[in-house]
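Line by line, the protein sequences are chains Z and V.
The first sequence lines up with residues 1 to 214 when you count with UniProt numbering.
The second sequence lines up with residues 1 to 214 when you count with UniProt numbering.
Beta carbons are placed, not taken as given, at the ideal position from N, Cα and C, and that holds for glycine.
A quick note: this is a predicted structure, and the numbers were derived from the prediction, not measured.
There are 2 protein chains.
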Amino acid sequence: MPDEATAVPGRSPRRERTRARLLDAAFEVFAQVGVQAASIEAVCEAAGFTRGAFYSNFASKEELFLALTEREARSHLGALERAVTTVDPAALQTPEGFRASVREVIASVLPDQAAKSSWCVMELEFELLALRDPQVAQRYVDQQHQLREEMIAALNRVMDVLGLRFAIDEHVAIDLLLGAHEAGQRAAMLPAAGARRDAASMLEVLVDLIVAPA
Amino acid sequence: MPDEATAVPGRSPRRERTRARLLDAAFEVFAQVGVQAASIEAVCEAAGFTRGAFYSNFASKEELFLALTEREARSHLGALERAVTTVDPAALQTPEGFRASVREVIASVLPDQAAKSSWCVMELEFELLALRDPQVAQRYVDQQHQLREEMIAALNRVMDVLGLRFAIDEHVAIDLLLGAHEAGQRAAMLPAAGARRDAASMLEVLVDLIVAPA
DNA sequence: TGCATCGGATACAGTGCCGTATCGATCCCC
DNA sequence: GGGGATCGATACGGCACTGTATCCGATGCA
Numbered sequence: 001m002p003d004e005a006t007a008v009p010g011r012s013p014r015r016e017r018t019r020a021r022l023l024d025a026a027f028e029v030f031a032q033v034g035v036q037a038a039s040i041e042a043v044c045e046a047a048g049f050t051r052g053a054f055y056s057n058f059a060s061k062e063e064l065f066l067a068l069t070e071r072e073a074r075s076h077l078g079a080l081e082r083a084v085t086t087v088d089p090a091a092l093q094t095p096e097g098f099r100a101s102v103r104e105v106i107a108s109v110l111p112d113q114a115a116k117s118s119w120c121v122m123e124l125e126f127e128l129l130a131l132r133d134p135q136v137a138q139r140y141v142d143q144q145h146q147l148r149e150e151m152i153a154a155l156n157r158v159m160d161v162l163g164l165r166f167a168i169d170e171h172v173a174i175d176l177l178l179g180a181h182e183a184g185q186r187a188a189m190l191p192a193a194g195a196r197r198d199a200a201s202m203l204e205v206l207v208d209l210i211v212a213p214a
Numbered sequence: 001m002p003d004e005a006t007a008v009p010g011r012s013p014r015r016e017r018t019r020a021r022l023l024d025a026a027f028e029v030f031a032q033v034g035v036q037a038a039s040i041e042a043v044c045e046a047a048g049f050t051r052g053a054f055y056s057n058f059a060s061k062e063e064l065f066l067a068l069t070e071r072e073a074r075s076h077l078g079a080l081e082r083a084v085t086t087v088d089p090a091a092l093q094t095p096e097g098f099r100a101s102v103r104e105v106i107a108s109v110l111p112d113q114a115a116k117s118s119w120c121v122m123e124l125e126f127e128l129l130a131l132r133d134p135q136v137a138q139r140y141v142d143q144q145h146q147l148r149e150e151m152i153a154a155l156n157r158v159m160d161v162l163g164l165r166f167a168i169d170e171h172v173a174i175d176l177l178l179g180a181h182e183a184g185q186r187a188a189m190l191p192a193a194g195a196r197r198d199a200a201s202m203l204e205v206l207v208d209l210i211v212a213p214a
């Protein structure tokens, strides 16, 4: 037995794979039926395990959920970094190219096509859980904060190249951008009512409003 | 027995009271633990009834939830109308008065202090349910659509008095306003992380951006 | 006041999920 | 290749909730 419970978090490869499969299954099941409605049993079945495996890896459904959000947050931060470093400076020279780049950076944090749209459902679940459980709330707030700070930095870097800046407080700007993106994505998952404005056009209107020459 | 099942929806006063108490309790319980996590039993207990009363009035939890959203939507539309008719034209003459009026109209649809902040939790629940259940989705979309159309009309009426107009598409404008309001309200329910921007300032920034002289 | 209907309470059988305790296979290291 | 630790499967008792069928008191009408 290792001396410390807080020793190296080096879990055996086998255990790591089990955890990963459980997390994958949790993502799927949670997105499909909701975190609260999802039974531990259903997650295990989707992962091809029995509850024995689950309780050997997680203490509760909440812990599983938090591990999942952490994994996804890490992955999103990675995607953000990649998106920023792959922005083509040449493309930025035109207004269209600039707006496309902004949208790409935003989309990298809230992937639409790649990881299916089910992540935005999970975001809603996360927020809802946070509104009820203080422990979850802390994690949620921290993750959101970190993500937004990195996005501000990323977008500022992009805009510097162009001699542009935010016309309004950058925190408000990010909130508006992310809000518009999320709203657009969710709207896309619902049946249309009347004239449906898509996320793309909303974002472009917004970008025009809040970006100004430096 | 009445000939028609679709006769007058005139329910007896007693029955109406029972339904109202069940709806009140549902609001409370749903907001507290979530729609999915809430057991019918818990709702009944909160209302001071047994499940017998519930099944005598509703076929399922979903039906109860839909009845609840309908009642609340009606109440919100009423509040919106009242807010618009009580706007003081004199107050509109100053920029501050105008912004306050805009905020009041918006707040009337998404009440913050009055009906507690728990309604925005219910909104999230509603949206989440809509993303999963097509039947719920239709209702959700319809309600949102109606609300937004009425808000556009209301705000346009207010702005006409001042010789102002939306600088951008009015549907986009409403989406941004409502989004900002909701985001601000939810943020207010969570522990602060770093500099917390409140809903009020976000809305004012936004109003300044999207309102222009006619 | 008596009677018919309505509306909510009670009783019951059934189900799915929970968390734990224990067992057995697999993996790893010497 | 054996022995010990690890890890997931199995088995068990229990509980909370579901939906229905039935009962009984309240209510309203003649």
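> Helix, strand or coil: how does DSSP classify residue 167/Z here?
Replying inline: Position 167 of the first sequence, counted from the start, is the residue given in the question as residue 167/Z. Coil.
> When you compare only the Cα positions, how much space is there between residue 60/Z and residue 14/V?
Replying inline: For the purposes of this step, residue 60/Z is taken as the residue at position 60 of the first sequence. For the purposes of this step, residue 14/V is taken as the residue at position 14 of the second sequence. Answer to the nearest angstrom: the Cα atoms are 44 Å apart.
> Can you find a C-beta in chain V that's less than 7 Å from the C-beta of residue 137/Z?
Replying inline: Translated into positions along the first sequence, residue 137/Z becomes position 137. So, interface residue.
> Closest by CA to residue 155/V, which one among 131/V, 103/V, 205/V?
Replying inline: If you number the second sequence from 1, residue 155/V lands on position 155. The shortest Cα separation from residue 155/V among 131/V, 103/V, 205/V belongs to 103/V.
> Which of helix, strand or coil does DSSP assign to residue 213/V?
Replying inline: Here residue 213/V refers to the residue found at position 213 of the second sequence. Of the three classes helix, strand and coil, the one that applies to residue 213/V here is strand, per DSSP.
>> Buried or exposed for residue 72/V, going by 16 or more other Cβ atoms inside 10 Å?
In response: Here residue 72/V corresponds to residue number 72 of the second sequence, with the count starting at 1. By the 10 Å Cβ count, residue 72/V comes out buried.
> Which first and last residues belong to the alpha helix (DSSP H) in which residue 64/Z is found?
Replying inline: Your numbering for residue 64/Z matches position 64 in the first sequence. Residues 61-85.
>> Looking at chain Z, is there any beta carbon in it that lies within less than 7 Å of the beta carbon of residue 36/V?
In response: Position 36 of the second sequence holds residue 36/V. Chain Z, which has a Cβ nearer than 7 Å to the Cβ of residue 36/V, makes this yes.
> Taking Cβ to Cβ, would you say residue 167/Z is nearer than 7 Å to residue 107/Z?
Replying inline: As a position in the first sequence, residue 167/Z is number 167, starting the count at 1. As a position in the first sequence, residue 107/Z is number 107, starting the count at 1. No, Cβ-Cβ distance for residue 167/Z and residue 107/Z is not below 7 Å.
> Taking Cβ to Cβ, would you say residue 22/Z is nearer than 7 Å to residue 137/V?
Replying inline: Walking along the first sequence from the start, residue 22/Z turns up at place 22. Walking along the second sequence from the start, residue 137/V turns up at place 137. Not closer than 7 Å, so no.
> What are the boundary residues of the alpha helix (DSSP H) that includes residue 89/Z?
Replying inline: Locating residue 89/Z in the first sequence gives position 89, counting from the first residue. Careful: residue 89/Z lies outside any alpha helix (DSSP H) and carries neither H nor E.
> Going straight from the alpha carbon of residue 35/Z to that of residue 157/V, what length do you get?
Replying inline: Residue 35/Z sits at position 35 when you count from the first residue of the first sequence. Residue 157/V sits at position 157 when you count from the first residue of the second sequence. In a straight line, the C-alpha of residue 35/Z is about 43 Å away from that of residue 157/V.
> Shorter than 7 Å from the beta carbon of residue 191/V to some beta carbon of chain Z?
Replying inline: Here residue 191/V refers to the residue found at position 191 when the second sequence is read from its first residue. True, the Cβ-Cβ gap to chain Z drops below 7 Å.
> Whose Cβ in chain V lies nearer than 9 Å to the Cβ of residue 127/Z?
Replying inline: Position 127 of the first sequence, counted from the start, is the residue given in the question as residue 127/Z. Those are 124, 186, 190, listed as they occur along chain V.
>> Would residue 159/V pass as an interface residue toward chain Z - the criterion being a Cβ-Cβ separation below 7 Å?
In response: In the second sequence, counting from the first residue as 1, residue 159/V sits at position 159. By this cut-off, residue 159/V is not an interface position.
> According to the Cβ coordinates, are residue 147/V and residue 180/V closer than 7 Å?
Replying inline: Along the second sequence, read from residue 1 onward, the residue named residue 147/V stands at position 147. Along the second sequence, read from residue 1 onward, the residue named residue 180/V stands at position 180. No, Cβ-Cβ distance for residue 147/V and residue 180/V is not below 7 Å.
> By how many angstroms is the C-alpha of residue 77/Z removed from the C-alpha of residue 66/Z?
Replying inline: Residue numbering aside, residue 66/Z sits at position 66 when the first sequence is read from its first letter. Residue numbering aside, residue 77/Z sits at position 77 when the first sequence is read from its first letter. Distance between the alpha carbons of residue 66/Z and residue 77/Z: 16 Å.
> With respect to the alpha helix (DSSP H) encompassing residue 31/V, which residues constitute its N-terminal and C-terminal limits?
Replying inline: Translated into the one-based positions of the second sequence, residue 31/V becomes position 31. It spans 13-33 - the alpha helix (DSSP H) in which residue 31/V sits, taken as one unbroken run.
> Whose Cβ in chain Z lies nearer than 7 Å to the Cβ of residue 202/V?
Replying inline: Position 202 of the second sequence, counting from 1, holds the residue named residue 202/V. The answer, in chain order, is 172, 175.
> At which residues does the alpha helix (DSSP H) containing residue 122/Z begin and terminate?
Replying inline: As a working note, residue 122/Z is residue 122 in the first sequence. Residue 122/Z -> alpha helix (DSSP H) spans 118-130.
> If residue 80/Z and residue 151/Z are in contact, beta carbons under 8 Å, what's the gap, nearest whole angstrom?
Replying inline: Position 80 of the first sequence, counting from 1, holds the residue named residue 80/Z. Position 151 of the first sequence, counting from 1, holds the residue named residue 151/Z. With a Cβ gap of about 7 Å, residue 80/Z and residue 151/Z count as contacting.
> Between which two residues does the alpha helix (DSSP H) harbouring residue 153/Z extend?
Replying inline: As a first step, residue 153/Z is located in the first sequence; it is residue number 153 there, counting from the start. Its alpha helix (DSSP H) spans residues 134-162.
> Can you find a CB in chain Z that lies within less than 7 Å of the CB of residue 205/V?
Replying inline: Reading the second sequence from its first residue, position 205 is the one you call residue 205/V. So, interface residue.
> For residue 92/Z versus residue 162/Z, is the C-beta distance shorter than 7 Å?
Replying inline: Stepping through the first sequence from its first residue, residue 92/Z is reached at position 92. Stepping through the first sequence from its first residue, residue 162/Z is reached at position 162. A contact, by the Cβ cut-off of 7 Å.
> Can you find a CB in chain V that lies within less than 7 Å of the CB of residue 105/Z?
Replying inline: Here residue 105/Z corresponds to residue number 105 of the first sequence, with the count starting at 1. For residue 105/Z, the answer is no, since every Cβ of chain V falls outside 7 Å of its Cβ.
> So which residues on chain V does residue 168/Z lean against when the C-beta distance must stay under 8 Å?
Replying inline: Taking the first sequence and counting its residues from 1, one reaches residue 168/Z at position 168. 205, 209, listed in chain order.
>> Is there a C-beta anywhere in chain V that falls below 7 Å from the one on residue 80/Z?
In response: Here the question's residue 80/Z lines up with position 80 in the first sequence. It does not: the Cβ of residue 80/Z has no partner Cβ on chain V nearer than 7 Å.
> Thinking just about the alpha-carbon of each residue, which of 40/V, 170/V, 105/V, 56/V is nearest to the one in residue 62/V?
Replying inline: As a first step, residue 62/V must be located in the second sequence, where it is residue number 62. Ranking the options by Cα distance to residue 62/V, first place goes to 40/V.
> Under 7 Å, do residue 121/V and residue 131/Z count as touching if we go by C-beta distance?
Replying inline: Within the second sequence, the letter at position 121 stands for residue 121/V. Within the first sequence, the letter at position 131 stands for residue 131/Z. A contact, by the Cβ cut-off of 7 Å.
> Between the beta-carbon of residue 17/V and the beta-carbon of residue 57/V, is there less than 7 Å?
Replying inline: Reading the second sequence from its first residue, position 17 is the one you call residue 17/V. Reading the second sequence from its first residue, position 57 is the one you call residue 57/V. No. Outside cutoff.
>> Quick check on residue 190/Z: does DSSP put it in helix, strand or coil?
In response: Position 190 of the first sequence, counted from the start, is the residue given in the question as residue 190/Z. Three-state result, residue 190/Z: coil.
> Between residue 214/Z and residue 165/Z, which are expected to be in contact by the criterion C-beta below 8 Å, what is the C-beta distance as a whole number of angstroms?
Replying inline: Counting from one through the first sequence, the residue named residue 214/Z turns up at place 214. Counting from one through the first sequence, the residue named residue 165/Z turns up at place 165. Contact flag correct, Cβ pair sits at about 5 Å.
> Is residue 64/V closer than 7 Å to residue 128/Z when the C-beta atoms are compared?
Replying inline: Against the first sequence, residue 128/Z aligns to sequence position 128. Against the second sequence, residue 64/V aligns to sequence position 64. Result no, Cβ atoms of residue 128/Z and residue 64/V do not sit closer than 7 Å.
> At least one CB of chain Z closer than 7 Å to the CB of residue 183/V: is that the case?
Replying inline: The residue labelled residue 183/V in the question sits at position 183 within the second sequence. Answer yes: the Cβ-Cβ gap between residue 183/V and chain Z drops below 7 Å somewhere.
>> Does chain V have any CB closer than 7 Å to the CB of residue 8/Z?
In response: Here residue 8/Z is taken as the residue at index 8 of the first sequence, counted from 1. In this predicted model, residue 8/Z has a pLDDT of only 43, less than 50, meaning its place in the structure is not dependable; the value taken from the coordinates is given anyway. Judged by the 7 Å Cβ criterion, residue 8/Z is not in contact with chain V.
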